[in-house]
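Order-wise, the sequence lines are chains X and E. Quick note on numbering: my numbering labels position 102 of the first sequence as 102, and the sequence is numbered without any gaps. Quick note on numbering: my numbering labels position 95 of the second sequence as 1095, and the sequence is numbered without any gaps. What follows is one structure encoded as structure tokens, with my remarks underneath.
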Amino acid sequence: SAVISQKPSRDICQRGTSLTIQCQVDSQVTMMFWYRQQPGQSLTLIATANQGSEATYESGFVIDKFPISRPNLTFSTLTVSNMSPEDSSIYLCSVRRQGAGELFFGEGSRLTVL
Amino acid sequence: GIQVEQSPPDLILQEGANSTLRCNFSDSVNNLQWFHQNPWGQLINLFYIPSGTKQNGRLSATTVATERYSLLYISSSQTTDSGVYFCAVIIQGAQKLVFGQGTRLTINP
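Right under this line is the structure:
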């Protein structure tokens, strides 16, 4: 398995502000992903974080709203920009090691936007 | 895209009961995982099982890839088993994990 640390674990934010979530892994991984889980819903992939290049976004998600960085093989950030109450969700980082099939998830970051 | 359907959507049982959760998927996959999301939102890996059968304590899982379904068995349920169980798959040739809608399991004492 992989030890995945996410910060913050939870936060309450004001409408119109932005928040950056960090994901730190204890070892190098090939794939890093960011997921969103809206209240009462399943998990939806936001984007694949690519090391040293722009993230690959899924349909319905755009870079201006969810900028992602991945400066190295163990760290990534997701920013939720210009937040509205609809952005209240759990945001989860997920990783996959090279040659491994299984994905692991961080503890999640629970955002509430007022 | 691939469809991942889980059933039942909700399940309420008494402590000690057994249960079977099902996951159907619409395309060939090279990864299938079962997760348990506890009441605090943590997603816990239960099984990585693209095919075959695995057991871990009171839990076991079977995936029949040729028939595109997987089953999760929970025996002698405990209240701590409560939460949402997710099935997720990666289709062949892809990298991303696609989740089903989950089964919400409630175990009453």
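No residue lacks a Cβ here, since even glycine has one placed at the ideal position from N, Cα and C. Keep in mind that this is a model prediction, so the values were computed, not measured.
- Residue pairing for residue 1054(E): DSSP places it in a beta bridge opposite 1061(E).
- In this structure, residue 1105(E) sits near residue 1082(E), with a CB-CB distance shorter than 8 Å.
- Looking at 7(X), 62(X), 75(X), the one whose alpha-carbon comes closest to that of residue 52(X) is 75(X).
- Taking a C-beta cut-off of 8 Å against chain E, the contacting residues of the segment 66-92 of chain X are 90, 92, listed in chain order.
- Between residue 1050(E) and the set 1026(E), 1064(E), 1099(E), 1085(E), the nearest pair of CA atoms involves 1064(E).
- Annotation: residue 19(X) to residue 13(X) spans about 8 Å, alpha carbon to alpha carbon.
- Listed by position along chain X, the residues whose Cβ is nearer than 9 Å to that of residue 1050(E) are 101.
- Among the residues facing chain E, residue 110(X) is included, as its CB has a counterpart in that chain under 8 Å away.
- In the assembly as shown, residue 62(X) is an exposed residue. Its beta-carbon has fewer than 16 other beta-carbons within 10 Å.
- Nearest C-alpha to residue 1094(E) among 1044(E), 1109(E), 1028(E), 1103(E): 1028(E).
- The beta carbon of residue 22(X) is closer than 6 Å to those of 7, 77 in its chain, skipping five residues each way along the sequence.
- Contact check for residue 1088(E) against residue 1047(E) fails: the beta carbons are separated by 8 Å or more.
- For residue 107(X), the chain E residues whose C-beta falls within less than 9 Å of its own C-beta are 1040, 1041, 1042, 1043, listed in chain order.
- Going by DSSP, residue 77(X) is part of the beta strand (DSSP E) stretching over 75-80.
- In summary, residue 1103(E) is buried, with 16 or more beta-carbon neighbours lying within 10 Å of its beta-carbon over all protein chains present.
- Within 10 angstroms of the beta-carbon of residue 92(X) lie 16 or more other beta-carbons, which makes it buried.
- Collapsing the DSSP output to three states places residue 64(X) in coil.
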